[in-house]
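Chemist:
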Amino acid sequence: MASLRLNLAVLLLASLIIASSAIVLVGRPPVEVELRVVDAYDSAKIGRLDTLVVEVRNLGGSELSPVFFVTDGSPGGYKAWKIVEGPRLVEPGAKARFVIKSPYPLNAIPPSRGFIVLLLDPSNETVKAKSRLCRFNLPFTPLRNPNLDYWVYDVKKGYSEPFAWSFIYCKEGVEHAYLEKVDDTARLVVANLSRRKGDWLMSGLWQTVEFPEVVEVKVKPMFSTPVSRRPSRVVAVEVGYGHWDWDEHRRISNYTVIPYKGLWIAFTNDTEEPILLRNCMWEGVAIYFVPVKVGEWNVVKVNVTRLLLELGWELPEPQPYTYEGNLYVIRRAELTLFVAKYPWTLHPKEPLEAYFDYVKITPHRG
């Protein structure tokens, strides 16, 4: 604990020193230490560069205990990155390689954004070196933060949600639709539905992704979706594409010439074999019922493309898509994890809930 406090104190002190002398530092060439960025990559699959490999050569006459900061011009200035691989000290005349990682997803570097790495020696409170301006391209990440590991508190919304995911919901009055992090999983809940008409009560997590060939999800549903063309309650993963404005709680896809199509991968204990049915409420929605064990963790893997072709649906064509200021050409789809309850059947007011641990996709390359 003492070591942790010391490290935090050192980082805070270093941050203050760098912030107070930033103008001087930018124009000061390194003379005692050489610093070079060797590689950069997205180890957490968040659509940003969260890991850097840097090489340090100590040209001075004393040992060096490095601390690294990164700046990319975004708000927050110089951000401390933690060392995950590398020696504690670099001896005079020695060369060492370090792997440094952003401790927070928002501190990671957006793709194609220019950045500089600074090296500070806390033993004498001085900046020893800075790298040249670096820039790395990053291919489009088909699904960001798939393990739901990284959560960010949104001040405007007033709640936390997984990084790169959006919490979406539909509710009225005193009804409950919420999301929370429980033991590194996402818990989705709906409760207190007492009306007999109107829209569904829904709680979900949504992200724009590259159209998947295969979807794999680890889920613990606490209730079962009835096998029906018009189920009264649903726990599912939806893969959708086309055009549909979901009551302003969901963004509109760019595919304005294609009617919305959605495949629900619904979890049920009412069948021992998968069943594919067309939803009788919406022409463009089909439900693929997958057998699971309620109250237990299940790993479900589904070939989405095969099912859509079986339904006779056209797949989306590649389209321009902008993310983090970068333009990509992808087959775009909307991926939603959700629980929902409909008002046409009277249900008890107790919660319906499900836990999601991860989602993986294999993009369609046809």
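Heads up, this note's numbering is the position in the sequence shown plus 798, with the first residue counted as 1.
Heads up, the beta-carbon is just placed ideally off N, CA and C, and yes, glycines get one too.
A quick note: this is a predicted structure, and the numbers were derived from the prediction, not measured.
Would DSSP call residue 1037 helix, strand or coil?
Modeler: If DSSP states are grouped into helix, strand and coil, residue 1037 belongs with the strands.
Chemist: Among 1143, 1088, 1061 and 1026, which residue has its Cα nearest to the Cα of residue 1105?
Modeler: Minimum Cα distance to residue 1105 is reached at 1061.
Chemist: Give the straight-line distance between the Cα atoms of residue 875 and residue 837, rounded to the nearest whole angstrom.
Modeler: Computed Cα separation, rounded: 22 Å.
Chemist: Ordered along the chain, which non-local residues of its own chain (more than five positions away) have a Cβ less than 8 Å from that of residue 1167?
Modeler: Summary: the structure shown does not reach residue 1167, with the chain confined to residues 799 through 1164, and so no result is reported for it.
Chemist: Is it true that the stretch 965-979 meets the stretch 894-908, where meeting means three or more beta-carbon pairs spaced less than 8 Å apart?
Modeler: No, because fewer than three Cβ pairs between the stretch 965-979 and the stretch 894-908 fall closer than 8 Å, the two stretches do not touch.
Chemist: Rounded to the nearest angstrom, how far is the Cβ of residue 1025 from that of residue 1087, given a contact under 8 Å?
Modeler: Rounded, the Cβ-Cβ distance is 5 Å, consistent with contact.
Chemist: Roughly how many angstroms lie between the CA atoms of residue 853 and residue 1027, to the nearest whole one?
Modeler: If you take the alpha carbons of residue 853 and residue 1027, they lie about 60 Å apart.
Chemist: Do residue 1121 and residue 912 come within 8 Å of each other at the CB atom, strictly closer than that value?
Modeler: For residue 912 and residue 1121, no; Cβs fall outside 8 Å.
Chemist: Would you please state the rounded distance, in angstroms, between the beta carbons of residue 1096 and residue 1102? I believe it to be under 8 Å.
Modeler: Rounded, the Cβ-Cβ distance is 17 Å, inconsistent with contact.
Chemist: Just the C-alpha distance for residue 1148 and residue 986, rounded to the nearest angstrom, thanks.
Modeler: The alpha-carbon atoms of residue 1148 and residue 986 are separated by roughly 14 Å.
Chemist: Please check the pair residue 936 and residue 909, which I expect to be a contact at CB under 8 Å, by giving their CB distance rounded to whole angstroms.
Modeler: Contact flag correct, Cβ pair sits at about 4 Å.
Chemist: Run the CB neighbour count on residue 1143, radius 10 Å, all protein chains shown included, and call it buried at 16 or more, exposed below.
Modeler: Result: exposed.
Chemist: Tell me whether the stretch 977-984 and the stretch 1112-1132 touch, counting them as touching only if at least three CB pairs, one residue from each stretch, are closer than 8 Å.
Modeler: The answer is no - the stretch 1112-1132 does not touch the stretch 977-984, with fewer than three Cβ pairs under 8 Å.
Chemist: Is residue 931 buried or exposed, if buried means 16 or more other CB atoms sit within 10 Å of its CB?
Modeler: Residue 931 is exposed by the Cβ-count criterion.
Chemist: In whole angstroms, what is the alpha-carbon distance linking residue 1003 and residue 1073?
Modeler: Rounded to the nearest angstrom, the two C-alpha atoms are 24 Å apart.
Chemist: Kindly list the residues whose CB is nearer than 6 Å to the CB of residue 943, restricted to its own chain and excluding five residues on each side of it in sequence; keep chain order.
Modeler: Excluding positions up to five away in sequence, the list reads 844, 960, 961 and 962.
Chemist: My output table needs one value for residue 1108: the three-state DSSP class, helix, strand or coil.
Modeler: Helix.
Chemist: Give a yes or no on whether the C-beta atoms belonging to residue 1159 and residue 988 are separated by under 8 Å.
Modeler: Their beta carbons are not under 8 Å apart, which means residue 1159 does not touch residue 988 by this criterion.
Chemist: So, helix, strand or coil for residue 945, using DSSP?
Modeler: If DSSP states are grouped into helix, strand and coil, residue 945 belongs with coil.
Chemist: Does the beta-carbon of residue 1039 have 16 or more other beta-carbons within 10 angstroms, so that it is buried, or is it exposed?
Modeler: With 16 or more Cβ atoms within 10 Å of its Cβ, residue 1039 is classed as buried.
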